[in-house]
Structure formats: structure tokens, C-alpha cells
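To start, the structure under review is shown below, and the notes come after it.
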Amino acid sequence: MTELHRPADVVETPSGLRIRRAGARIGAVIEGLRLAEADDTQIQDVRTALLRHKVLFFRAQDGLTDEEQSAFAARFGELTTAHPTVDTGSGRVLRVTANAGMAANAWHTDVTFVDRVPAISVLRAVTLPPYGGTTIWANTAAAYDRLPAPLKALADALWAVHTNSYDYAQRDEEHEQPDANYTRDDFASIHFETRHPVVRVHPETGERSLVLGSFVKEFDGLTSTESIQLFNLLQDRVTKLENTIRWAWQPGDVAMWDNRATQHYAVADFDHHPREMRRVTVAGDVPVSVDGRRSEVLQGDARAYSRLDELIS
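In the working numbering, the protein residues as written are 101 to 413.
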């Protein structure tokens with residue numbers, strides 16, 4: 101664990117990778133790797149770096165196809181379908197397309213409205229605007245570590261209901277169609293609600309991290325007003341600038357993040373220029389609280405989205 105929390109500024113691995121730290125608490129750039137050509141040792145080095153740095157960036161992956169992106173992601177675990185409610189027609193790849201200044205401009209961890217929260221996401225830039233369109237990630241484990249003791253004790257005991265009724269795509273009040281390909285009805289075609297611990301134990305590192313973001317509806321035992329106030333208090337700790345890194349995309353860029361220990365935010369500052377990203381997601385397990393309890397489904401069946409539990413049963 102000590103090594104996980106104190107990564108070196110630059111690491112050169114025997115497998116030929118150069119891992120350059122990009123921020124004090126989150127982020128690293130991986131050099132010397134073509135994702136479509138990675139060998140098993142390099143994949144293990146990438147996994148180790150991901151657990152340390154939470155989000156990794158790969159430049160110069162020009163020409164990477166949907167199939168190669170999916171194949172790379174699949175080396176880290178079973179893939180989910182593209183989205184629990186949206187029929188993309190491509191199975192594993194979610195096209196996130198904007199042509200009216202739209203983006204996933206709310207802080208969120210991917211798909212926390214289901215019980216099997218994804219483990220890892222791999223995002224590839226396909227079409228970029230001439231300016232803007234950056235993405236920001238926050239380290240939710242670092243945020244938890246830096247909570248004062250009274251807030252840690254409170255967070256450890258809290259549970260929250262997450263729902264896709266709070267999906268960023270549906271909360272975009274400026275646009276009737278939040279994505280160039282999908283409508284609000286697409287994102288809400290199946291209603292999900294899941295009860296998660298506010299603090300989960302990471303299944304690989306043992307770290308504790310905060311499970312919050314824009315899909316949170318309310319906290320157990322609190323009124324709506326109290327839930328909003330407490331949510332803002334804890335969420336502000338997550339998005340403190342020192343916990344974040346902001347990435348200015350270039351053609352050929354790929355980002356990869358640990359969805360169990362991060363939130364992210366796509367900045368909608370590119371006016372009416374087109375922006376298209378493609379995401380592939382690695383299935384995760386059901387979050388476990390500090391006292392060993394697992395998240396529980398309140399509404400909706402996400403087994404078709406992520407079959408991980410079936411695969412290991």
C-alpha cells in the first residue's frame with residue numbers, strides 16, 4: 101500500500117514502458133506503447149500503473165479501431181455492453197457524440213445506478229473540436245484519505261441511492277436531445293435504482309474511496325434537503341482541485357481510468373463544434389462497504405449489462 105501511495109515521478113519498466121507522473125494525486129502518461137501491440141508483461145505494468153495513478157493517458161494511438169480498443173480493454177477483464185439502456189448497435193462501444201456544445205458536464209462515476217459498477221473505462225478521441233472539450237478526473241480515494249476524522253466516521257456509515265433518473269444526459273436542460281445519437285427517452289428506457297455505500301473498499305488495493313457523483317438521489321435516513329447539503333459537502337471534497345487532473349485531448353489520444361476510485365467531468369466549452377469519443381467498459385464487481393455489506397438493487401435488472409457475477413459463479 102505504501103508503494104501505491106508514493107509513485108515515483110518517472111518509472112521505466114523492463115517491458116519498455118515509460119510511466120510519467122502527471123499530477124501529485126492523480127494521473128500518469130504512458131509512453132512507449134501501442135495499445136494494439138501490448139504484450140502480457142506490458143499489460144500487467146499498465147494495470148499496476150492504473151491502480152497507482154487512477155487515470156492513464158496514451159498519446160499517438162492514431163488508427164486505433166473500435167475492435168482494437170475493445171481487445172485492449174478486454175485484457176483487463178470481461179467487457180460490459182455499451183450501456184445499460186442505450187442500444188448502440190455495436191455491442192461493446194459507446195459513441196459519445198456532441199454537436200451543440202454538449203458533454204457529460206456533471207461530475208460522475210460511470211454507471212453507478214446499477215449494482216455492478218464498472219471497474220475500468222477506456223476512452224478514445226475520434227473527433228475533437230478546435231478548442232475546449234477537455235476532460236477532468238478526480239481521485240475519490242485521495243478525497244476520502246483527506247477527510248477529517250469526524251467526516252470519515254460519518255461517510256463510513258452512509259448509504260446512498262443512485263438512479264439513472266439523474267443521468268447527466270437527462271439533466272441537460274438546454275438541449276432536447278442530449279447526445280447527437282440518443283434521446284432522453286433512450287437513456288431512461290429502463291429505470292434503475294441501486295443502494296451503494298458512500299465509502300467502498302477497493303477490491304484490488306484495499307483503499308477506501310467515496311462513491312458519489314451526479315447519479316446520487318438521496319442518502320438513507322435523511323430528508324431531501326439534508327441529502328443535498330451533505331452531498332455538496334462531501335462532493336466538494338472529491339472535486340477539490342488538488343485531487344484532479346485536466347486533460348487537453350489531442351488526435352490519437354486514449355484515456356483509461358479506474359472507475360472504482362475516480363469521478364470525471366467533460367467540459368462543455370466547445371460551442372457547436374463536433375466532438376466524438378468512444379468508450380469501452382470493463383465489468384466490475386458489486387461495491388462492498390467498510391463493514392462488508394454489498395450494494396443492493398432497488399429497481400431494474402442490469403444482468404444483461406454486466407455478466408461478471410454469472411461468469412464467476
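Note that CB positions come from ideal geometry on N, CA and C, so glycine has one too.
Tell me whether residue i is buried or exposed, calling it buried when 16 or more other Cβ atoms sit within 10 Å of its Cβ.
i: GLU307; result: buried
i: HIS105; result: Here the model assigns HIS105 a pLDDT of 49, short of 50, so the residue's position is not dependable and the matter cannot be decided.
i: ALA124; result: exposed
i: HIS262; result: buried
i: ARG378; result: buried
i: LEU179; result: buried
i: LEU341; result: exposed
i: ASN332; result: exposed
i: ASP145; result: buried
i: GLY132; result: exposed
i: ALA253; result: exposed
i: ASP369; result: exposed
i: TYR405; result: buried
i: GLN363; result: buried
i: HIS372; result: exposed
Can you give me the start and stop residues for the alpha helix (DSSP H) that residue i sits inside?
i: PHE331; result: 324–338
So residue i and residue j are supposed to be a Cβ contact under 8 Å. How far apart are they, rounded?
i: TRP259; j: ASP320; result: 4 Å
i: ASN343; j: ALA242; result: 5 Å
i: ARG195; j: GLU376; result: 6 Å
i: SER224; j: LEU164; result: According to the sequence provided, residue 224 is Arg. The question's Ser does not apply to it. Indeed they touch by this definition, with Cβ atoms about 6 Å apart.
i: LEU398; j: THR323; result: Incorrect: roughly 18 Å between the Cβ atoms, too far for contact.
i: TRP349; j: LEU228; result: 5 Å
i: ALA204; j: VAL193; result: The Cβ separation is near 16 Å, so there is no contact.
i: HIS296; j: THR212; result: 6 Å
i: GLY177; j: ALA219; result: 6 Å
i: ALA355; j: THR235; result: 7 Å
For the beta strand (DSSP E) that residue i lies in, which residues bound it at each end?
i: THR240; result: Counting along the chain, THR240 falls outside any beta strand (DSSP E), though it belongs to the alpha helix (DSSP H) covering 240–245.
i: ASP256; result: Looking at the DSSP string, ASP256 is not in any beta strand (DSSP E); the run it does join, the alpha helix (DSSP H), is 249–257.
i: ASP358; result: 354–358
i: LEU223; result: 220–227
i: TRP347; result: 344–347
i: TYR405; result: No beta strand (DSSP E) holds TYR405; DSSP gives it neither H nor E.
i: PHE319; result: 316–319
i: GLN363; result: 362–366
i: PRO374; result: From DSSP, PRO374 is part of no beta strand (DSSP E); its letter is neither H nor E.
i: HIS296; result: 293–297
i: GLN399; result: 396–399
i: ARG216; result: Run containing ARG216: none; DSSP gives neither H nor E here.
i: LEU310; result: 308–310
i: GLU112; result: 110–112
Hey, how far is the Cα of residue i from the Cα of residue j?
i: THR240; j: SER309; result: 5 Å
i: HIS291; j: SER115; result: 45 Å
i: VAL217; j: ALA383; result: 7 Å
i: TRP357; j: THR209; result: 10 Å
i: ASP409; j: ARG175; result: Below a pLDDT of 50, predicted positions are generally treated as unreliable, and ASP409, at 49, falls in that range; the measurement from the model is reported next regardless. Cα-Cα distance, rounded: 18 Å.
i: VAL226; j: THR339; result: 27 Å
i: VAL388; j: GLU396; result: 10 Å
i: PRO184; j: LEU312; result: 19 Å
i: ALA361; j: ILE130; result: 19 Å
i: TRP207; j: ASP140; result: 33 Å
i: ALA122; j: ALA128; result: 5 Å
i: VAL111; j: PHE157; result: 15 Å
i: ASN359; j: THR305; result: 13 Å
i: THR113; j: ALA138; result: 13 Å
i: HIS275; j: PRO374; result: Only weak support is given to the placement of HIS275: the predicted model assigns it a pLDDT of 45, under 50, and the question is left unresolved by the model.
i: GLN169; j: ASP385; result: 22 Å
i: GLY392; j: VAL316; result: 21 Å
i: GLU318; j: ARG134; result: 43 Å
i: LYS154; j: GLN142; result: 17 Å
i: THR197; j: ASP166; result: 15 Å
i: ALA366; j: THR325; result: 27 Å
i: GLY400; j: VAL214; result: 8 Å
i: GLY233; j: GLY352; result: 15 Å
i: ARG300; j: LEU334; result: 14 Å
i: GLN329; j: ALA171; result: 43 Å
i: GLY191; j: SER221; result: 15 Å
i: ILE126; j: ALA238; result: 7 Å
i: ASP272; j: ASP336; result: Residue placement at ASP272 cannot be trusted, given a pLDDT of 45 that sits under 50; what the coordinates show is reported in the next sentence. Spanning the two alpha carbons is a distance of roughly 21 Å.
i: MET303; j: TYR244; result: The amino acid at residue 303 is misidentified as Met; the sequence shows Pro. The straight-line gap from Cα to Cα measures roughly 16 Å.
i: ILE345; j: PRO248; result: 23 Å
i: TYR231; j: ARG394; result: 43 Å
i: ASN264; j: SER327; result: 17 Å
i: LEU251; j: ARG147; result: 31 Å
i: ARG159; j: SER314; result: 29 Å
i: VAL298; j: ARG120; result: 31 Å
i: ARG246; j: ALA173; result: 31 Å
i: ALA402; j: ALA136; result: 30 Å
With a threshold of 8 Å, establish whether the CB of residue i neighbours any heavy atom of the ligand GTP.
i: GLN363; result: Inclusion of the ligand GTP in the displayed structure is not the case, the ligand content being empty and no account of it being possible.
Does the beta carbon of residue i sit closer than 9 Å to a beta carbon anywhere in chain C?
i: THR362; result: Chain labels in this structure do not include chain C; a single protein chain is all it has.
Enumerated in chain order, which unbroken segments of the alpha helix (DSSP H) with a length of 4 residues or greater are wholly contained in the region 120–202?
140–153, 166–174
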